[in-house]
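All residue numbers for the sequence shown refer to my numbering, where the first residue is 570 and numbers rise by one.
Where a beta carbon is used, it is the ideal one built from N, C-alpha and C, also for glycine.
Computed from a predicted structure; not experimentally measured.
For reference, the structure is listed below as structure tokens.
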Amino acid sequence: MVPKGLFPKPFTSENFSPYGTVVQPKDNGPMVVANGGTATKYLGVSESVNNYSKSSTPSFKATWNFFSTKPSVVPADEDSPAFQIKVLERHPYTTQTFIPLCRDAEEDSYLVAVAPDAPDGLPDWDHVEIFVAKGYQGVTYAAGVWHAPMVTIGKETMLAAFNYENGVGDDDCQVQSAPFPLNAYVKRN
């Protein structure tokens, strides 16, 4: 089978809303002065959801992790894929948030690949979408959303990650292999 070609959509709150939240300051969102006037606090930029009460083991813990990622995507032209998506994963009972810690604000920093559920509950491989996140943008995947593992662009990247876990493999993370590689095309900027 010929690999499917994917091209990024703009990583905006509107485009990404079926899959979760783009985590970034919102100029028109609620904010307050904080820390004695030395900071602006942007309110409600993303929510964490915990549905472990519906899992096989309803106990859970909130966890912060760091992901130190090697570059997986080398931006290319429209004739050469920058990356091949071979697996998607989901966290059925929790949101998962990633925040880049060491990228320039306007730099293309990581690839976000997501898919809706097919009727059988597995990823709908025919409707995978990709986005390119800038250094000032985090991502919160909604609970149960199929997504690629972290795929960083151009250089090593440290990301902080938050989610809930109960220590039961399929409750915490489910992984599915693609029936064929999905070629992701990311232009140099």
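When only Cα atoms are considered, Ala-687 and Pro-577 end up about 21 Å apart. Close CB contacts of Cys-671 within its chain, under the 8 Å cut and outside five residues either way in sequence, are with Thr-726 and Met-727 (chain order). A contact is defined here as three or more CB-CB pairs under 8 Å, and the segment 606 to 614 fails this definition with respect to the segment 714 to 733. Residue burial is scored here from C-beta neighbours: Asn-732 has at least 16 other C-beta atoms within 10 angstroms and is therefore classed as buried. Fully enclosed beta strand (DSSP E) runs of no fewer than 3 residues occupy 630 to 638, 640 to 642, 652 to 659, 665 to 669 and 677 to 684 of the segment 612 to 687, in order along the chain. With a contact defined as Cβ atoms closer than 8 Å, Thr-664 and Tyr-710 qualify at about 6 Å. Between Ala-712 and the set Pro-599, Thr-666 and Phe-629, the nearest pair of CA atoms involves Thr-666. Rounded to whole angstroms, the separation of the alpha carbons of Ile-654 and Ser-746 is 9 Å. For Phe-585, the enclosing alpha helix (DSSP H) has its first and last residue at 582 to 585.
In the three-state DSSP reduction, Gly-723 falls in the coil class, being neither helix nor strand. Between Tyr-588 and Pro-627, the alpha-carbon positions lie close to 24 Å from each other. The DSSP-derived three-state label of Gly-707 is strand. The alpha-carbon of Ala-753 is positioned some 5 Å away from that of Phe-652. If you compare the alpha carbons of Asp-689, Val-681, Pro-692 and Asp-677 with that of Tyr-705, the shortest gap goes to Asp-677.
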